[in-house]
Amino acid sequence: MFLHIHNNHRLHHSYTALLILALTFSSFFFQHILSAKAQFAHEDGDHLTLLNAYHAYKQNSQSKDWCWENFINFRSMQSADNVREQLSRIMRKLNLALVSSDFSSGDYYYNIRRCLAAGLFMQVAHLQKQGHYLTVKDQQVVSIHPSSVLDSKPPWITFEEFVLTTRNYVRTVSTARLEWLVELAPHYYELENWPEGDTKVEIERAYRRLMQEKQYQANKTKK
């Protein structure tokens, strides 16, 4: 994901994207109390839930006691800060912009989800008519991991990990929009790369919607 964060400066969230990347390096909730996530849960998935927990940690003065009371690993929070600072230094060394919109902005979560789509465009799964997910990369049948805060089945999801236990699971999952994927990674979502099937049909529709939107904006500009 880090390899694609440099593109996110134009999405106004490269600095926040670094934070999410740092948070996913360690699962800082105590795993035996998964219900602790509920108070931080975001309807669009696990990445934003991690971010909500981090903001709460900062708003509570990075308190060790607060972490204990909310079943969060204090050392993992400190580690996330350290990892983000290391990644920030790399970006500064490469002269890449570190930008982020304000937490109170109405577009804050929207832009972050676009950043996730830009960074995880190959780690995507599509809900099939049969009710299961199929990874777009290698056509694996998967389910959302039980630890996810998602309580629905959105049509498209990005994920951090592929986990093989008694079933194939994807873990650390967020909702995505196909229009973002084809816009931000057109080299990967070229139609000629895809076999016939539900996924290709949806990609074709997404390209048509994008073309219609571009035409609408062009016509609007002329008036």
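Going by this note's numbering, the letters in the sequence shown line up with residues -15 to 207, in that order. Built from N, CA and C at the ideal position, the CB exists for glycine as well.
Close beta carbons around residue i, own chain, < 8 Å, minus the five adjacent residues each side
i	result
T183	H110, L118 and V120
R175	The residue asked about is misnamed: residue 175 is Leu in this sequence, not Arg. K184, I187, E188 and Y191, listed in sequence order.
A22	V133
N36	F24, A25 and H26
Y292	There is no way to answer for residue 292, as the model of the chain reaches only from -15 to 207.
M61	F12, Y38, Y41, Q46 and C51
Q225	Within the shown structure, residues of the chain are numbered from -15 to 207, placing residue 225 beyond reach of any answer.
Span of the alpha helix (DSSP H) around residue i
i	result
T33	D30 to Q43
D135	Per DSSP, D135 belongs to no alpha helix (DSSP H) and is neither H nor E.
E188	D182 to K206
Cut-off 7 Å between Cβ atoms - residues of its own chain near residue i, not counting five sequence neighbours on either side
i	result
Y173	L165, V166 and I187
L194	E163, V166 and E167
Y200	none
W178	K184 and I187
F105	L165, L168, A169 and Y172
Own chain partners of residue i with C-beta closer than 6 Å, once the 5 adjacent residues on each side are dropped
i	result
K48	F58
K137	L111
V108	V120 and T142
P139	L111
R155	H129, E145 and V147
L34	L7
Residue i, DSSP secondary structure in three states
i	result
N152	strand
S63	helix
S127	strand
R165	According to the sequence provided, residue 165 is Leu. The question's Arg does not apply to it. Correct three-state label for L165: helix.
L78	coil
W178	coil
Q46	coil
Bridge-paired residues (DSSP) for residue i
i	result
T142	V108 and S158
H26	G29
V147	Y153
request  = Can you check the stretch 81 to 125 for any alpha helix (DSSP H) of at least 4 residues that lies completely inside it and give the ranges in chain order?
outcome  = 92 to 103
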